[in-house]
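Comments concern the structure below.
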Amino acid sequence: MGERLRTAGISRIVYSPLDRARETAEIIAQKLTPPPVLESDYDLREAEFSRYLQGVPFWQIPVRRPLWLVHKARRGLLPGDESIEVMGGRVLRLVRRLSREHAGETMALVSHADPLDAAWILLDGRPQNEREMHRKGVGKAGMLQVDMDGETPTAWEYIPPPAAGKPEPAAA
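The opening position of the sequence shown corresponds to residue 727 in our numbering, with each subsequent residue numbered one higher.
In structure tokens form, the structure reads like this:
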């Protein structure tokens, strides 16, 4: 990802406080010249409900974490669960604040799939449901590019991750 962003003129990377997001931000920053400012922001954190699922293999979730079914039916109904509007809203609030505080800067934000998907749903004005969370989602190493005019998003585009090359055949 750092290679893809090398020519973008990024001067600041804001990332989720989770280790994997910080590590991604640091890897990206190593590829950029001059080195960007790195800062963590709590509004980029993973979906709150993910803590309930932590450490459980995906195939065991319906049995070991039955409230997951309620979460999938309608996000935000359970204590500690965020609706799509709340989760996407916190990401977009941060984008607006950063745009105001650092006008003219090109920034990269490093977050997680659910918060970015929720923000994209709000930007598009799509229905706020589970189907939309997965119909058009931000993939690993994918980017949601948002252009701002002051605090107003004016254009947004999903840039998919580069296609993985086909592995070389093993020597016989």
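Think of the CB as a built atom: it goes at the ideal place given N, C-alpha and C, for glycine as much as any other residue.
- Cβ-Cβ separation between E808 and R801: approximately 7 Å, consistent with a contact (criterion under 8 Å).
- Rounded to the nearest whole angstrom, the C-alpha separation of E831 and R790 is 45 Å.
- By the C-beta criterion, the segment 762-777 is judged not to be in contact with the segment 854-872, since fewer than 3 inter-stretch pairs fall below 8 Å.
- Collapsing the DSSP output to three states places T832 in a strand.
- Restricting attention to V836, E772, G781 and E729, the CA atom closest to the CA of Q756 is found in E729.
- For L842, the CB contacts under 6 Å within the same chain, skipping 5 residues up- and downstream, are V864 and L870 in chain order.
- Per the DSSP secondary-structure output, P760 pairs with nothing in a beta bridge.
- In its chain, beyond the 5 residues on either side, K757 have a beta carbon closer than 6 Å to the beta carbon of R732.
- D850 is classed as exposed because its beta carbon has fewer than 16 other beta carbons within 10 Å across all chains shown.
- Annotated as distal: Y778 and L795, with beta-carbon spacing of 8 Å or more.
- For S737, the enclosing beta strand (DSSP E) stretches over residues I736 to Y741.
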